[in-house]
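>
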Amino acid sequence: MTDPLLLLQQLIAIPSVNPMGRDLTGPEYFESRLSDFLFSFFRDLGVPCERQEVGADRANVVARYDGPAAGPTLLFDAHQDTVPVDGMILPPFTPEIRDGRIYGRGACDVKGGMAAMMAAFARLVRERPAGSASVVMSCTCDEEATQQGVHDLIRRWREAPETTQILPVAPTAAVVAEPTDLDVVVAHRGASRWKIRTTGKACHSSDPSRGENAIYKMARILTVLEEYAATLPKRVPEHPLCGPATLSVGLITGGVSVNTVPAECSIEIDRRVVPGEDGLAVIDAVGDYLREHVDVDFEMLPPWIIGTSLSDEHNGPLSDQVLAAVTEVAGPRRKVGVPYGTHASRFDDVGVPSVVFGPGSITKAHTVDEWLPIDELHMATDVLYRLGATSGEWLGKA
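In our numbering, the protein residues as written are 15 to 412.
Next comes the structure, spelled out in structure tokens:
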């Protein structure tokens, strides 16, 4: 039997850091080496599997198990990439086990969930329970930045089914791995992200009057954006499960040297959308507000992510089944909404009922001492196996 803890140790030891838009290279960046490991894992199980190239050093790895019960398909999805390791206070790629926890980058987000899914998948393959239908596992790339992997996975079944034998049609339902404390996430916010740019005229800083300072222009925009963010609770009703819509400016860049008046400045904006909001319309609304309230020229650059939220409108039967399996294994848990985004919203957006489930707490994701409770890892594996083993009985109703 595949041990999820041993598997998680192997996954942590293979760096798969997403550069998050930074110009970084080296063996710890991107998912290529982890994709090699995953492909070998599924190939050794003897199941159909594919490495689907998405970009340079980036690929999705997908595998398929077809059980005795014909019909629907359950998708297990987990992303391969992790956030960077800057500031970590422990060796990020040397898994450490102590006090019932496993430490390392990705332990919580989301290699723990991936290990649980892989171990459950392997058990399905080896035991072939009579009630199991088809289960596809997708190990997708680039979730933490631009979500290229999930978009490519969906594109293949929607637009190019001839490019894959694993998932040429949409799955019946999807379970997405993220740290949820073993609760079942049925709704979450999405994120729209884009840049605003101001331009000016460079000159020597000994006589700033000869130039036009792009940073000063941006300062006026930032003040108005802060005011706009404060008004969002009045503009957008708070979602009962996911909380309020928010706006945050997370990055600012500008200028080339302290003795040069800057000719350009840009900021990056994160606008969290709640179920019911349109991820593109919220960007337009910000632009309209700025044009009404600032007296400087600016440019709204195209978004690299358009927010898609997960609504609990379509996943009720699926979440009931997952919650029942969790309760059998781990005791009472809840259906919840969360403020962060996941691949589940992308699947839901194309008509695939989806929920989010996994071991660990989101409060330990992306942290300097990231860790996962080992008991939750084993319980999540058992839950996922039970879902797959009985999928032929319940999946068509979900």
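Every residue, glycine too, gets a C-beta built ideally from N, C-alpha and C.
All values reported here derive from a predicted model rather than from experimental measurement.
(1) Which term fits Asp37, buried or exposed, when burial requires 16 or more other beta carbons within 10 angstroms of its beta carbon?
(2) Got a sec, what are the start and stop residues for the alpha helix (DSSP H) Trp208 sits in?
(3) Below 8 Å on the Cβ atoms is my guess for Thr186 versus Pro86; work out the distance and round it to an integer in Å.
(4) Rounding to the nearest angstrom, what Cα-Cα distance links Gly257 and Pro353 in this structure?
(5) With distances taken Cα to Cα, identify the nearest neighbour of Ser148 among Ala83, Ala159, Val97, Lys125.
(6) Have a look at Asn32 and Ser46 and give me their C-alpha separation to the nearest angstrom.
(7) If the criterion is Cβ atoms closer than 8 Å, does the pair Pro317 and Arg207 meet it?
(8) Just to confirm the assignment, what range does the beta strand (DSSP E) spanning Pro387 have?
(9) Going by beta carbon distance, what residues of the same chain come within less than 6 Å of Cys279, once the five residues before and after it are set aside?
(10) What ranges does the alpha helix (DSSP H) occupy inside the stretch 278-344, keeping only unbroken runs of at least 4 residues that lie completely in it?
(11) Starting from Ser54 and walking both ways along the alpha helix (DSSP H), at which residues does that stretch end?
(12) Taking just the CA atoms, how far does Val350 sit from Asp302?
(13) Buried or exposed: which applies to Ser368, given that a residue is buried once 16 or more other Cβ atoms fall within 10 Å of its Cβ?
(14) Using three-state DSSP, classify Phe107 as helix, strand or coil.
(15) Are the stretch 150-167 and the stretch 215-227 touching by the rule of at least three beta carbon pairs closer than 8 Å?
(16) Going by the DSSP bridge assignment, what does Glu2 pair with across the sheet?
(17) Express the C-alpha separation of Gly355 and Ala184 in angstroms, rounding to a whole number.
(18) Smallest Cα separation from His307: which of Thr237, Tyr399, Pro247, Glu141?
So, from the listed chains and residues:
(1) With fewer than 16 Cβ atoms within 10 Å of its Cβ, Asp37 is classed as exposed.
(2) Trp208 -> not in any alpha helix (DSSP H); beta strand (DSSP E) instead, spanning 204-213.
(3) Right, their Cβ atoms sit about 4 Å apart.
(4) Here the alpha carbon of Gly257 sits roughly 7 Å from the alpha carbon of Pro353.
(5) Here the closest residue by C-alpha is Ala83.
(6) Taking the Cα positions, Asn32 is about 11 Å away from Ser46.
(7) Against a cut-off of 8 Å, the Cβ pair of Arg207 and Pro317 comes out as a contact.
(8) Start and end: 385-387.
(9) Here the set comprises Thr212, Ala228, Ile229, Met232, Gly268.
(10) Segments of the alpha helix (DSSP H) lying fully in the stretch 278-344: 295-307, 330-344.
(11) Start and end: 46-59.
(12) When rounded, the separation of the alpha-carbon atoms in Asp302 and Val350 is 34 Å.
(13) Buried, by the Cβ-count rule.
(14) DSSP places Phe107 in coil when its eight states are reduced to three.
(15) No, the stretch 150-167 is not in contact with the stretch 215-227.
(16) Lying outside 15 to 412, the shown extent of the chain, residue 2 is not represented and no answer is given.
(17) If you take the alpha carbons of Ala184 and Gly355, they lie about 21 Å apart.
(18) For His307, the nearest C-alpha among the options comes from Thr237.
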